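End of the sequence shown sits at 273 in the working numbering; the numbers just go up one at a time, nothing left out.
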Amino acid sequence: MDLSLKDKKVLVTGGSRGIGKAIAAKFVEEGAQVGIIARSQDELEQTGWEIGATIYPGDISNQQERVRIFNTYLNDVKRIDVLVNNAGASYGASVMDTDLKRFEEAMQLNFHAAVHFSKLAAEKMKDHQWGSIINISSIYGREAGGIPAYNASKAALISFTKAFSTEAIKHNIRVNGIAPGAIFHLNKAWKKRLEDKKSMEQYVKNRIPAGRFGTPEEIANVAVFLASDKASWIVGVNLNVDGGQSHLNF
24 MDLSLKDKKV LVTGGSRGIG KAIAAKFVEE GAQVGIIARS QDELEQTGWE
74 IGATIYPGDI SNQQERVRIF NTYLNDVKRI DVLVNNAGAS YGASVMDTDL
124 KRFEEAMQLN FHAAVHFSKL AAEKMKDHQW GSIINISSIY GREAGGIPAY
174 NASKAALISF TKAFSTEAIK HNIRVNGIAP GAIFHLNKAW KKRLEDKKSM
224 EQYVKNRIPA GRFGTPEEIA NVAVFLASDK ASWIVGVNLN VDGGQSHLNF
């Protein structure tokens, strides 16, 4: 299927690994011109070289850095068509064992950065009356389980997606979200979990009706579709991509 994304200008936060890397690679595959943002210069350079994306290193938990990176990106490509707010991290443990500072850090990176980039991007998208903003949230933004500070930040992102979508669509800018379930990719956290193979097998059996973990590429497939005009009537959704996992959470 031709998604007509050739030469679209796409910016992906948290684009050096995992879901963000897969999304960026898929847009490149569709012929888009892609910029990726991440903190780790070395990792970013490696990913940029691997997939053919332009790199923008920086810490987007910092407001001034967000403005600097976005202005640098615009200076390079002159416009933005698609923004994917993917950057995020997990902070803390249980509510009582998590310092308030960790809640603030979670909100700053997982929520405030997405809001700020969305505002910056939408202001430029209005110039050509077309755009797509995709926020990567989580099923735990509206389900029990997971880490409370992370969950709260993703719940805020889901609410923001719905609210901003009603404003942005007036300028033909569609704002939508993707809520991944358990997505497997080889990072330190997953390597540690895999040491207890029996526990992982039990988790899949009890929690994921599809019988397996998802892949970053399965999230990427949804992202490029939502960015395209094939999804022109989809506005303000937060789509679970989770193998049925959210049906079994309480």
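C-beta: ideal position from N, C-alpha, C; glycine also.
From a predicted model like this one, the values you see are computed outputs, not experimental measurements.
What number of angstroms, rounded off, separates the C-alpha of residue i from the C-alpha of residue j?
i, j, result
"I42", "I60", "13 Å"
"K253", "F50", "15 Å"
"I257", "R197", "7 Å"
"S255", "T189", "14 Å"
"Q64", "L26", "31 Å"
"F273", "E166", "Here the model assigns F273 a pLDDT of 46, short of 50, so the residue's position is not dependable and the matter cannot be decided."
"Q69", "S39", "8 Å"
"K185", "E53", "27 Å"
"A233", "M119", "34 Å"
"E224", "R102", "46 Å"
"Y96", "L67", "15 Å"
"A205", "Q268", "8 Å"
"A231", "S251", "Looking at the sequence itself, residue 231 is Ile, so the reference to Ala does not match. Rounded to the nearest angstrom, the two C-alpha atoms are 29 Å apart."
"S117", "N98", "43 Å"
"K124", "F183", "22 Å"
"L143", "S176", "20 Å"
"N229", "E73", "36 Å"
"A191", "K221", "47 Å"
"A243", "D122", "34 Å"
"D219", "R235", "16 Å"
"M24", "G71", "26 Å"
"V247", "G154", "13 Å"
If I follow the unbroken alpha helix (DSSP H) through residue i, where does it start and stop?
i, result
"N195", "No alpha helix (DSSP H) holds N195; DSSP gives it neither H nor E."
"K124", "L123 to M130"
"Y226", "K220 to R230"
"I157", "From DSSP, I157 is part of no alpha helix (DSSP H) but of the beta strand (DSSP E) over G154 to I159."
"I162", "No alpha helix (DSSP H) holds I162; DSSP gives it neither H nor E."
"V247", "P239 to A250"
"N174", "P171 to A191"
Do you know whose CA, among the options, lies nearest residue i's CA?
i, options, result
"G286", "E52, D65, Q69 and G75", "In the structure as shown, the chain begins at 24 and stops at 273. Residue 286 is therefore absent and cannot be evaluated."
"G200", "L249, A47 and E53", "L249"
"F93", "R40, I242 and A137", "A137"
"F187", "Y173, M148 and S141", "S141"
"A112", "D99, M119, E128 and D120", "E128"
"K193", "S251, M148 and S84", "M148"
"N109", "I159, E66, K124 and T95", "I159"
"V100", "S84, S222 and T77", "T77"
"F207", "V227, K221 and A191", "V227"
"P80", "R62, K124 and I162", "R62"
"H270", "K177, I162, W72 and I242", "I162"
Find out if the Cβ-Cβ distance for the pair residue i, residue j is shorter than 8 Å.
i, j, result
"V107", "T36", "yes"
"G115", "I170", "yes"
"G164", "A202", "yes"
"V245", "V264", "yes"
"D150", "K31", "no"
"Q87", "H139", "no"
"A55", "L28", "yes"
"L180", "F134", "yes"
"N195", "Q152", "yes"
"A145", "I156", "yes"
"E240", "A47", "no"
Going by DSSP, what residue range makes up the beta strand (DSSP E) through residue i?
i, result
"T36", "K32 to T36"
"V138", "Premise fails: V138 lies in the alpha helix (DSSP H), A136 to H151, not in any beta strand (DSSP E)."
"I281", "No statement about residue 281 is possible, as the shown extent of the chain runs from 24 to 273 and does not include it."
Q) In the stretch 39 to 71, which residue ranges form an unbroken alpha helix (DSSP H) of at least 4 residues, counting only runs that do not cross its ends? A) 41 to 52
Q.
Please give the ranges of any alpha helix (DSSP H) in the stretch 96 to 120, keeping only runs that are unbroken, at least 4 residues long and fully inside the region.
A. none
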